[in-house]
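**Student:** Each residue of the sequence shown is one higher than the last, beginning at 1 in full-length UniProt numbering.
Attaching a single structure in structure tokens format; questions to follow.
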Amino acid sequence: LSSLQYLNMKINNIHVSSRLFYGLSSLKYLNLINSLTGKIEDFSFHWLYHLEYLIMDNNNFPGITANTFTGLNNLKYLSLCNCNINLQKITNKTFSSLANSSLQVLNLTKTRISTIESGAFSSLEHLKILDLGLNEISQQLTGHEFKGLNNIQDIYLSYNKNLTLQSESFIFVPSLRKLMLRKVGCSNLALSPSPFHPL
Numbered sequence: 001l002s003s004l005q006y007l008n009m010k011i012n013n014i015h016v017s018s019r020l021f022y023g024l025s026s027l028k029y030l031n032l033i034n035s036l037t038g039k040i041e042d043f044s045f046h047w048l049y050h051l052e053y054l055i056m057d058n059n060n061f062p063g064i065t066a067n068t069f070t071g072l073n074n075l076k077y078l079s080l081c082n083c084n085i086n087l088q089k090i091t092n093k094t095f096s097s098l099a100n101s102s103l104q105v106l107n108l109t110k111t112r113i114s115t116i117e118s119g120a121f122s123s124l125e126h127l128k129i130l131d132l133g134l135n136e137i138s139q140q141l142t143g144h145e146f147k148g149l150n151n152i153q154d155i156y157l158s159y160n161k162n163l164t165l166q167s168e169s170f171i172f173v174p175s176l177r178k179l180m181l182r183k184v185g186c187s188n189l190a191l192s193p194s195p196f197h198p199l
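Dropping the structure here:
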């Protein structure tokens, strides 16, 4: 199936082993919604070097490793919406396996995130849309969480527990065009300069 470009494996019971996708080098779109069981073995996706869209919503697996997404250099869209994957804390290593990708959209809606560390997305320099809505984030945004997102246009933070803004919260994302902060427990915006001044 070396010419296959679209593969929908939604609602299955798949163990992603290191050779599962061998031979699918032309694949551009892969739907794995509600279909994964157990651990995703390292380098499982590295055969899919033309893959652009990877949708993995509604899955449970132990977590993302340093080589979960290695080799997906053409990936533009990754969705992990409503996944239970031990993603409580996002560090600068969480998505390091996508450092060589051209990822533009990352959907992390409803993934139970509570903390974003400094430089958490620094390896995703091409990212344009980051969706962190409907999570449990409760922290002060220092600005360093978004450092390295040099091309970001949209950040969705709506429906999180408690976000405390400060003057530097968005200092590293001057390219931002859309910022969603609905129901995030925001208080004390009487800051000078305003948290929104770099935008």
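Yeah, the Cβ is synthetic: ideal placement off N, Cα and C, and Gly gets one too.
#1: Can you grab the Cα-Cα spacing for the pair Q166 / R112, in whole Å?
#2: Measure from the C-beta of Q139 to each C-beta in chain B and report whether the shortest distance is under 8 Å.
#3: Tell me the rounded alpha-carbon separation between S25 and N74.
#4: Buried or exposed: which applies to S118, given that a residue is buried once 16 or more other Cβ atoms fall within 10 Å of its Cβ?
#5: For the beta strand (DSSP E) that S138 lies in, which residues bound it at each end?
#6: Indicate the three-state DSSP secondary structure (helix, strand or coil) for S96 in the structure shown.
#7: Which residues in the same chain as N58 place their Cβ atom closer than 6 Å to its Cβ, once the five residues preceding and following it in sequence are excluded?
#8: Verify whether the separation of the beta carbon atoms of T109 and G133 is less than 8 Å.
#9: May I have the straight-line CA-CA distance separating S79 from L163, to the nearest angstrom?
#10: The beta strand (DSSP E) spanning I171 covers which residue range?
#11: Per the contact definition of three or more C-beta pairs closer than 8 Å, is the region 145-161 in contact with the region 179-199?
#12: Rounded to a whole number of angstroms, what is the C-alpha to C-alpha distance between Q88 and S114?
#13: Verify whether the separation of the beta carbon atoms of I171 and P198 is less than 8 Å.
#14: Roughly how far, in whole angstroms, is the beta-carbon of W47 from the beta-carbon of F21, given that I think they are within contact range, below 8 Å?
#15: Note down the Cα distance separating I90 from I116, rounded to an integer number of angstroms.
#16: Report back the beta-carbon spacing between I152 and L181 to the nearest angstrom; my notes put them in contact at under 8 Å.
#17: Using a Cβ-Cβ cutoff of less than 6 Å, which residues in the same chain neighbour L179 once the five nearest sequence positions on both sides are dropped?
#18: Going by C-alpha to C-alpha distance, which of G148, F45, A190 sits closest to G71?
#19: Let's see if you can read the secondary structure: which residues bound the beta strand (DSSP E) around residue 200?
**Tutor:** In terms of the structure at hand:
#1: Looking at the two C-alpha atoms, the distance is approximately 24 Å.
#2: Within the model displayed, chain B is absent; a lone protein chain is all it includes.
#3: When rounded, the distance between both Cα atoms is 12 Å.
#4: It counts as exposed.
#5: First-last of the beta strand (DSSP E) with S138: 138-141.
#6: Three-state DSSP puts S96 in a helix.
#7: Exclusion of the five residues before and after N58 leaves I33, N34, N82 as the residues of its chain whose Cβ lies within less than 6 Å of its Cβ.
#8: Taking 8 Å as the Cβ cut-off, T109 and G133 qualify as a contacting pair.
#9: Taking the straight line joining both Cα atoms gives about 23 Å.
#10: First-last for I171: undefined, no H or E at that position.
#11: Contact holds: three or more Cβ-Cβ distances are below 8 Å.
#12: Straight through space, the alpha carbons of S114 and Q88 are spaced by roughly 5 Å.
#13: In this structure, the beta-carbon distance from I171 to P198 falls below 8 Å.
#14: With a Cβ gap of about 5 Å, W47 and F21 count as contacting.
#15: Cα to Cα, I90 sits roughly 5 Å from I116.
#16: With 8 Å as the limit, I152 and L181 do not qualify as a contact, their Cβ atoms being about 15 Å apart.
#17: The residues I155, in chain order, have a CB closer than 6 Å to that of L179 in the same chain once the five nearest residues on each side in sequence are set aside.
#18: The shortest C-alpha separation from G71 is found at F45.
#19: Nothing can be reported for residue 200: it is not among the residues displayed for the chain, which extend from 1 to 199.
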